[in-house]
Amino acid sequence: MASLGTFLLLAAFVACSYTVVVSVVGARRGSRRLVESGIGAFYLIAALMTVATAVIVNAFLTDDFTIKYVSRYSDSVQPLFYKITSYWGGLDGSIMFWVFLLSVFGSIAVYVNRERHRELIPYVVATIATVQGFFLFLMIVHNNPFGTYVSAAPLDGEGLNPVLQNYWMVIHPPSLYTGFVGMTIPFAFGIAALITGHLDDSWLRAVRRWTMFAWLFLSFGLMLGMIWAYEELGWGGYWGWDPVENAALLPWFTATAFLHSVMVQERRSMLRVWNVVLVILTFFLTIFGTFLTRSGVVQSVHAFGQDPTLTWMFSIFMVVLLTFSFGLVIYRLPLLRARNDLDSWMSREAAFLVNNWILLFCAFFVLFATMFPTLSEAINGERLTVAAPFYNKWMLPIGLVLLVLTGIAPLLAWRKSTLINLRDSFLWPTVAALVTGSAFVAVGFRVWASGLCFALCAFVTATIVQEFWRGANVRRTTTGTDFFTALVGVVGRNKRRYGGYIVHLGIVLIFFGFAGEGFKQNAQVLLRPGEQTTLGRYTIRYDRLSVEDDGQKQMTAAHMSVFREGTQIAALYPAKWAWHKHETEPPTTEVAIRRTFAEDLYIVLAAAEAGTQAASFQIFVNPLVNWVWFGFGIMALGTGIALLPERTYAFALAKLPEAAGTTTAALLFVLMLFGAPLSAQHQEMSSIAPVLPRNQIEKRLGEKMVCLCGGCGKEPIGTCTCSTAAGVRREIATLVDSGKSEDQIIEYFIGKYGGQQFLGAPLDQGFNRLAWLFPYLLGASGAVVVGFAAVRWSRNHDKAPADAPAAADQDLDDRLDDELRNLD
Amino acid sequence: MSSATSTRVPDGPADAVSHDSLWPPPFEGPADGLRPWQFFVLAALICATGVTWLLRGQGVTVVVLMTIVMGATALVGIAALRAIRPLVTSHQDRTPMIGARTRVALEREKMLALRAIKELEFDRAMTKVSDEDFRVMSGRLRARAGRLMRQLEASAGYRERVERDLVKRLGEKATAEPVARTCGSCSTANDADAQFCKACGAKL
Chain A
135 MASLGTFLLL AAFVACSYTV VVSVVGARRG SRRLVESGIG AFYLIAALMT VATAVIVNAF
195 LTDDFTIKYV SRYSDSVQPL FYKITSYWGG LDGSIMFWVF LLSVFGSIAV YVNRERHREL
255 IPYVVATIAT VQGFFLFLMI VHNNPFGTYV SAAPLDGEGL NPVLQNYWMV IHPPSLYTGF
315 VGMTIPFAFG IAALITGHLD DSWLRAVRRW TMFAWLFLSF GLMLGMIWAY EELGWGGYWG
375 WDPVENAALL PWFTATAFLH SVMVQERRSM LRVWNVVLVI LTFFLTIFGT FLTRSGVVQS
435 VHAFGQDPTL TWMFSIFMVV LLTFSFGLVI YRLPLLRARN DLDSWMSREA AFLVNNWILL
495 FCAFFVLFAT MFPTLSEAIN GERLTVAAPF YNKWMLPIGL VLLVLTGIAP LLAWRKSTLI
555 NLRDSFLWPT VAALVTGSAF VAVGFRVWAS GLCFALCAFV TATIVQEFWR GANVRRTTTG
615 TDFFTALVGV VGRNKRRYGG YIVHLGIVLI FFGFAGEGFK QNAQVLLRPG EQTTLGRYTI
675 RYDRLSVEDD GQKQMTAAHM SVFREGTQIA ALYPAKWAWH KHETEPPTTE VAIRRTFAED
735 LYIVLAAAEA GTQAASFQIF VNPLVNWVWF GFGIMALGTG IALLPERTYA FALAKLPEAA
795 GTTTAALLFV LMLFGAPLSA QHQEMSSIAP VLPRNQIEKR LGEKMVCLCG GCGKEPIGTC
855 TCSTAAGVRR EIATLVDSGK SEDQIIEYFI GKYGGQQFLG APLDQGFNRL AWLFPYLLGA
915 SGAVVVGFAA VRWSRNHDKA PADAPAAADQ DLDDRLDDEL RNLD
Chain B
20 MSSATSTRVP DGPADAVSHD SLWPPPFEGP ADGLRPWQFF VLAALICATG VTWLLRGQGV
80 TVVVLMTIVM GATALVGIAA LRAIRPLVTS HQDRTPMIGA RTRVALEREK MLALRAIKEL
140 EFDRAMTKVS DEDFRVMSGR LRARAGRLMR QLEASAGYRE RVERDLVKRL GEKATAEPVA
200 RTCGSCSTAN DADAQFCKAC GAKL
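Taken in sequence, the protein lines are chains A and B. Counting along the first sequence from 1, when you hit position 760 you're at 894 in my numbering, and nothing is skipped either side. Counting along the second sequence from 1, when you hit position 73 you're at 92 in my numbering, and nothing is skipped either side.
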């Protein structure tokens with residue numbers, strides 16, 4: 135079986151090489167015969183990868199531990215479900231899974247577009263096959279998932295990491311890979327358009343749905359990762375700005391920018407160069423993200439590990455990719471000139487321009503901050519840490535600005551908005567924002583960021599409701615139907631627009647959930663059986679400890695009773711699991727969560743002593759957090775609506791199910807709604823009772839300093855429950871008792887660690903100033919570029935000649951009007 | 020007649036895609052013999068049956084998986100043939116072309132232009148586009164759509180093919196009437212499915 139698998143990979147690589155050569159030669163010579171052969175070979179790659187996938191999954195299911203990959207990520211007692219999903223559990227298999235997905239998606243994209251975009255297809259095929267060839271080359275020469283043991287194979291495997299034996303973790307990688315791989319399709323069409331010079335809107339139309347589809351799965355993958363982190367890592371949060379998390383977020387920013395700027399090109403023939411650049415950048419960032427997680431360049435709990443050879447191979451590929459792609463852009467610049475000007479800053483085009491600037495700022499800022507530790511190590515020899523405090527300082531205000539734009543842009547007119555437009559459009563949303571903000575202040579809340587967020591959420595929601603209301607009224611006037619029918623009709627006839635508005639509503643709900651962070655409460659307590667503690671509206675009583683074993687793990691659970699206003703409302707069982715096959719690793723902890731839409735009560739069993747049954751707990755009250763997950767469900771629904779094919783495309787899509795997009799999105803949404811989170815999995819834990827902060831110095835240092843245990847993703851030591859963090863907290867307590875100040879304690883640890891890597895954000899001095907200065911520089915340079923482009927557009931250029939008007943033909947006009955009526 | 024009601028080009032020499040005849044077509048005409056994809060599907064079924072028998076007793080999962088492997092192997096065969104066939108057979112590109120572009124591409128572009136006009140009309144009703152801008156943008160889109168309609172209608176034989184297809188569809192409805200049987204002995208007209216004459220009883 136292993137030999138068959140290796141042979142299939144080799145055959146796929148040969149097929150890739152053939153495809154590239156034959157497609158390019160066929161296109162250059164105008165030979166349909168060669169082009170058709172290239173397309174056939176492209177389908178052959180998908181077929182070969184399907185067989186290879188079946189072979190590796192078969193190896194997992196039959197416990198073929200002669201294959202190293204199988205023995206590393208599976209064992210004989212592993213549940214069937216996790217045996218199958220171990221396929222993408224490790225580096226080698228994940229690369230193979232990538233090629234498999236790309237071959238399937240590529241085949242579908244080529245099959246659908248083979249007649250619509252005949253001139254582009256050969257180069258699309260060649261581009262995708264080149265990317266496939268790179269990954270296949272990686273596998274063949276370096277990371278073969280079918281590699282076998284030279285000497286005797288082990289009798290049993292090591293088993294999948296317990297952290298990954300989790301429902302969310304199973305679907306998180308396929309979803310992310312679908313998102314990453316899906317971005318290759320728009321890139322391929324963009325390159326094909328550049329090579330052939332067919333730079334009108336046709337290539338954009340070919341890729342718009344693919345980009346939305348990939349964006350949806352990228353969003354889904356990110357959301358799954360957040361849910362997993364919330365339930366798995368047990369630090370009470372869901373996003374830690376871990377480098378691997380950031381790697382998935384980067385292409386999301388640029389893809390979001392692309393989905394918006396493409397509308398400007400379609401409507402006003404502007405941002406043509408920018409769209410091509412965005413598509414290239416998005417694809418590059420997917421490759422870069424893959425590089426980050428597999429090269430060891432960044433340190434992360436999510437990383438596959440260190441591999442210098444892989445680092446070099448990826449680096450060379452990325453350099454070639456950027457050089458070739460941007461070389462083509464420069465070559466085709468004359469054809470990419472904008473055909474219209476920016477007539478006013480109070481226009482939708484300008485709003486999209488600012489939207490793009492902000493999203494690109496986010497992308498480059500996150501990229502820089504992610505790479506800063508590597509940069510500082512290369513320049514200074516000191517690997518600094520950039521953790522959540524640094525990111526949140528910038529991303530919070532930028533996020534709020536993005537939220538404002540989400541509300542403003544749909545209200546603006548194309549080309550130029552008049553004052554009357556603005557007054558009519560902004561009145562009610564502004565009133566809603568002011569009322570919400572005032573109510574927030576009136577009830578006594580003083581967290582300005584959350585209050586502002588609530589007001590902006592009200593603003594954006596009001597704009598969305600207004601758009602639905604007005605659109606339905608317009609249709610009601612036109613068709614004479616009742617309001618509800620008109621509402622359904624207007625959504626049905628403008629799926630992309632109103633699907634987009636529903637996506638915006640989902641974003642609003644997500645931000646609403648984010649705003650709850652401002653009211654988060656947490657406590658660390660040490661309790662004995664019968665004792666209780668209070669946090670917020672809850673009284674939590676610790677009843678007893680229980681120990682069970684299911685053959686795979688020993689489970690120690692704390693039995694807790696939760697009361698509110700004297701009435702018991704829940705029984706929670708935070709636990710720790712000690713896995714028999716992973717005894718060298720610390721036991722993991724199950725988080726217990728009581729969920730409501732208003733807030734979550736979240737309890738972590740940090741440590742327990744079997745003798746006295748004393749246990750330490752971390753308790754969180756997380757307001758509004760479930761709106762984040764619900765908001766994503768709404769986003770998925772909106773994207774599904776926007777993905778629906780137009781009725782008039784039915785004849786051209788005769789071979790594809792019309793409702794495919796809807797079905798997929800609906801299933802996705804149902805999955806989200808019914809995928810009720812399991813009681814959360816685990817977090818690294820300690821058997822030593824943690825030291826709780828006694829004063830403000832300890833509390834502040836607990837937030838500033840991050841844990842370096844390597845297993846928690848650099849959580850603040852105030853919340854990490856591992857033994858390393860507990861030791862550091864004890865050390866801090868001793869230093870505080872000896873009279874040291876906060877700065878002196880930091881100096882002490884700098885001396886102890888030989889650097890600032892224990893700090894969540896580097897000290898603002900020397901080379902580190904670059905980290906703090908960079909966002910300002912980036913923002914300023916971005917504003918300069920955007921402003922320069924806008925000024926240039928707004929000068930009176932010789933306008934590109936409009937399409938020559940057709941000679942007056944009444945018959946043609948009548949038939950055109952007939953067809954337009956048929957669209958209704 | 021609206022070209023939005025364009026029908027699929029009928030089977031035969033003008034079939035849209037030549038080399039995808041290796042794939043199962045949506046509407047099958049009379050069989051001309053075993054097609055390549057049918058051969059591979061048959062081979063896959065036979066191999067899957069064999070594998071199921073050989074691996075019986077080893078569990079459902081393994082049998083299902085090996086069946087999938089057989090199916091995927093059939094796909095490899097079909098795809099390999101799809102890659103090689105254009106090089107070894109005489110190639111006839113039967114895709115309807117209009118100039119340098121395919122008919123499908125032009126029809127799609129026409130529909131996109133029409134859709135863009137409708138969207139623009141909606142934007143104007145929602146005051147997202149001024150009347151002046153609407154006139155300019157709409158005029159441009161209408162000119163484009165008009166040009167595309169002319170191109171599509173001017174392509175050789177298009178109208179005739181549509182009319183032929185209409186006649187064919189209407190004709191199919193009229194062919195259902197049975198033919199009466201006449202008795203050779205007494206010349207009485209009998210039902211089409213009659214075995215004996217209703218008048219004289221003679222065998223028809």
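We treat Cβ as the ideally placed atom computed from N, Cα and C, and that holds for glycine.
8 Å contact criterion, which residue i and residue j should meet: CB distance rounded
i       : j      : result
A/T1012 : A/L735 : Beyond the ends of chain A as shown, which are 135 and 958, falls residue 1012 of chain A; an answer cannot be given.
A/G316  : A/F239 : 6 Å
A/L494  : A/E483 : 16 Å between Cβ atoms; not a contact.
A/R252  : B/T121 : 6 Å
A/L270  : A/F147 : 4 Å
A/L536  : A/A583 : About 14 Å; that fails the 8 Å criterion.
A/G634  : A/G772 : 7 Å
A/V259  : A/F321 : Going by Cβ atoms, the distance from A/V259 to A/F321 rounds to 13 Å, so no, they are not a contact pair.
Residues bridged to residue i (per DSSP)
i      : result
A/D734 : A/R729, A/N756
A/E724 : A/A709
A/L660 : A/S750
A/L669 : A/Y672
A/A149 : Answer by DSSP bridge pairing: none, since A/A149 is not bridged.
A/L893 : A/M839
A/P850 : A/V840
A/I201 : A/T282
A/F458 : Answer is none; A/F458 lacks a bridge partner.
Reduced DSSP secondary structure (H/G/I, E/B, other) of residue i
i      : result
A/R955 : helix
A/M839 : strand
A/A547 : coil
A/D683 : strand
A/A810 : Note that A/A810 scores a pLDDT of 38, beneath 50, so its modelled location is shaky and nothing firm can be said.
A/F141 : helix
A/K886 : helix
A/K527 : helix
A/A692 : strand
A/T701 : strand
A/A936 : Only weak support is given to the placement of A/A936: the predicted model assigns it a pLDDT of 49, under 50, and the question is left unresolved by the model.
A/T615 : coil
B/K222 : strand
A/F486 : helix
Residues that residue i contacts on chain B, provided the C-beta gap is smaller than 7 Å
i      : result
A/T196 : V81
A/G605 : M145
A/A188 : L84, I87, V88, A91
A/L660 : Going along chain B, no residue has its Cβ under 7 Å from A/L660, so there is no contact; the nearest lies around 48 Å.
A/A146 : Near A/A146 there are no residues of chain B at all, since even the closest Cβ is about 10 Å away, more than 7 Å.
A/V185 : V88, A91, T92, V95
Chain-ordered neighbours of residue i on chain B, where CB pairs are closer than 8 Å
i      : result
A/H251 : A124
A/G222 : The sequence shown places Trp at residue 222 of chain A, rather than the Gly named in the question. Near A/W222 there are no residues of chain B at all, since even the closest Cβ is about 17 Å away, more than 8 Å.
Partners in chain A for residue i, counting only beta-carbon separations shorter than 9 Å
i      : result
B/A102 : A149, Y152, T153, V156, E170, S171, G172, I173, G174, A175, F176, Y177, L178
Contacts of residue i in chain B (Cβ-Cβ under 9 Å)
i      : result
A/N756 : Correct list: empty, because the minimum Cβ distance to chain B is about 40 Å.
Inset, instruction - State whether the stretch 386-397 of chain A contacts the stretch 126-138 of chain B, with contact taken as three or more CB pairs (one from each stretch) at a distance under 8 Å. - result: The stretch 386-397 of chain A is not in contact with the stretch 126-138 of chain B.
Legend entry - Cβ pair count under 8 Å reaching 3, the stretch 274-289 of chain A against the stretch 354-374 of chain A: Contact fails: fewer than three Cβ-Cβ distances are below 8 Å.
Legend entry - Segment contact, 8 Å Cβ cut-off, at least three pairs: the stretch 634-652 of chain A with the stretch 592-608 of chain A: Taking a cut-off of 8 Å for Cβ pairs, the stretch 634-652 of chain A and the stretch 592-608 of chain A touch, as three or more such pairs fall below it.
Inset, instruction - Mind the definition here: the stretch 758-775 of chain A touches the stretch 659-670 of chain A only if three or more C-beta pairs lie below 8 Å; say whether that holds. - result: Counting Cβ pairs under 8 Å, fewer than three are found: no touch.
Legend entry - Contact the stretch 93-100 of chain B vs the stretch 170-187 of chain A: 3+ CB pairs below 8 Å: Because the criterion of three Cβ pairs below 8 Å is met, the stretch 93-100 of chain B and the stretch 170-187 of chain A touch.
Inset, instruction - Could you say if the stretch 751-763 of chain A and the stretch 727-734 of chain A meet the contact criterion of at least three C-beta pairs nearer than 8 Å? - result: Yes, the stretch 751-763 of chain A is in contact with the stretch 727-734 of chain A.
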